[in-house]
Amino acid sequence: MAQTVIKPLKQHDYWIESATKLLAGSILYLDQRHKNLYYLDVKKVIEFTEKIYESEANLVEVVHSLENEHPAYHIFHELGLYSKETRDAITITLLYILEKHQREKQEEQKEYFWFQ
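Numbering-wise (the numbering used here), the sequence shown opens with residue 4 and increments by one.
Below, the structure written as structure tokens:
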């Protein structure tokens with residue numbers, strides 16, 4: 004699912020790859036929390052990512068709420084090991100991509116309804 008929002012690049016890009024990993028972890032976490040999240044609710048992921056960006060305590064809370072075996076645990080644990088500046092850059096990159104994706108989807112819907 005994360006790859007449908009963030010298009011893979013031909014060349015290595017640390018920030019995009021890190022944002023993709025954070026998106027995947029966010030989807031896994033939100034799926035566990037909201038049970039059977041069958042579609043990507045971009046608004047929920049944006050709200051969740053903003054909370055992590057706003058406070059390191061929110062990230063710590065997420066890490067502590069997950070068992071070590073949960074697939075998202077290592078993603079958020081690793082994010083917590085980065086410096087604040089690196090963590091902020093990753094979350095800002097993800098927020099930018101998600102908001103851009105959301106705008107593009109809204110434009111597609113506007114075009115679709117305009118033709119009807």
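Idealized CB from N, CA, C, for every residue including glycine.
Annotation for Leu-26: the continuous alpha helix (DSSP H) segment containing it runs 17-37. In this structure, Val-66 is the residue among Glu-72, Val-66 and Ile-95 with its C-alpha nearest to the C-alpha of Leu-84. Taking C-beta atoms as the reference points, Leu-31 and Ile-100 fail to come closer than 9 Å.
Here Ser-86 carries a coil assignment [DSSP, helix/strand/coil]. Non-local beta-carbon contacts of Ile-49 in its own chain, meaning distances under 8 Å to residues more than five positions away in sequence, involve Leu-98, Leu-101, Glu-102 and Gln-105 in chain order. About 7 Å separates the CB atoms of Thr-94 and Leu-25; that is less than 8 Å, so the two are in contact. The continuous alpha helix (DSSP H) containing Ser-68 extends over residues 59-68.
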